[in-house]
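Trainee: Residue 138 in my numbering sits at position 112 of the sequence shown, with consecutive numbering throughout.
Just so it is clear, CB atoms sit at the ideal spot from N, CA and C, and this is done for glycine as well.
All figures in this text were calculated on a predicted structure; none of them were measured in a lab.
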Amino acid sequence: MDLPVSRTPSRELRRWVRAALYQEDEDCAEKAWLVLAELTANAHDHGRSPAVVRVWGSTASSAVRIEVEDAGREAPGPGSSRWGGRRGFGLALVEGLAHRWGVDVHPTGKTVWAELVGRSTGAEPVG
Numbered sequence: 027m028d029l030p031v032s033r034t035p036s037r038e039l040r041r042w043v044r045a046a047l048y049q050e051d052e053d054c055a056e057k058a059w060l061v062l063a064e065l066t067a068n069a070h071d072h073g074r075s076p077a078v079v080r081v082w083g084s085t086a087s088s089a090v091r092i093e094v095e096d097a098g099r100e101a102p103g104p105g106s107s108r109w110g111g112r113r114g115f116g117l118a119l120v121e122g123l124a125h126r127w128g129v130d131v132h133p134t135g136k137t138v139w140a141e142l143v144g145r146s147t148g149a150e151p152v153g
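The following block contains the structure:
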């Protein structure tokens, strides 16, 4: 599913995540929602328009990949925020919840992505 990014993920996107993942793996669905909310908030606050969300789910493996692409080319990092103060911890949350995550910088911007694994994959979360 490709959707434009807003400050908070849309109800439609939340419904899709729940419908696609919740019956397979409730824990993975909740983690996916938290990661999705953080990455879309970051794209809204720190990225450049246009921004798009992509979410893939595999019921065969209970794996989820979340991508948020925006037109900015500055790669984010855990613990840093141009806003300073008490901000900058969202990517640390993503790092703790995701099996793996990263940033791909390309000529038209960047894609921040995270992969989560559910119970049926047999993979162990990093961390």
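Rounded C-beta distance between Val78 and Glu95? I'm assuming under 8 Å.
Mentor: Your numbering for residue 78 matches position 52 in the sequence shown. Your numbering for residue 95 matches position 69 in the sequence shown. Confirmed, Cβ separation roughly 5 Å.
Trainee: Please classify Asp53 as buried or exposed, where buried requires at least 16 other C-beta atoms within 10 Å of its C-beta.
Mentor: Working through the sequence shown from its first residue, we reach residue 53 at position 27. With fewer than 16 Cβ atoms within 10 Å of its Cβ, Asp53 is classed as exposed.
Trainee: Quick one: what's got a C-beta closer than 7 Å to Ala149's C-beta in the same chain, skipping five residues either side?
Mentor: For the purposes of this step, residue 149 is identified with residue 123 of the sequence shown, where counting begins at 1. Here Ala149 scores only 44 on pLDDT, less than 50, and its place in the model is too uncertain to base an answer on.
Trainee: So who's on the other strand from Gly128, going by DSSP bridges?
Mentor: Position 102 of the sequence shown, counted from the start, is the residue given in the question as residue 128. For Gly128, which the question treats as bridged, DSSP gives the partners Trp139.
Trainee: Note down, in chain order, each residue of its chain lying with its Cβ closer than 6 Å to the Cβ of Lys57, except the 5 sequence neighbours on either side.
Mentor: Indexing the sequence shown from 1 puts residue 57 at position 31. Closer than 6 Å at the Cβ level, and outside the excluded window around Lys57, lie Leu123 and Leu142.
Trainee: Since Asp53 is in the alpha helix (DSSP H), which residue starts that stretch and which ends it?
Mentor: Position 27 of the sequence shown, counting from 1, holds the residue named residue 53. Start and end: Glu52 to His72.
Trainee: Can you list, in chain order, the residues of its chain with a C-beta nearer than 6 Å to that of Gly73? Leave out the 5 residues immediately preceding and following it.
Mentor: Within the sequence shown, residue 73 is the residue found at index 47, counting from 1. Answer for Gly73: Asp96 and Gly98, listed in chain order.
Trainee: Output the boundary residues of the alpha helix (DSSP H) element that contains Glu17.
Mentor: Residue 17 is absent from the model: the chain starts at 27 and stops at 153.
Trainee: Determine the closest residue to Ala101 out of Arg80, Arg91, Leu65 and Ala55, with distance taken between C-alpha atoms.
Mentor: Locating residue 101 in the sequence shown gives position 75, counting from the first residue. Among Arg80, Arg91, Leu65 and Ala55, the Cα nearest to that of Ala101 is on Leu65.
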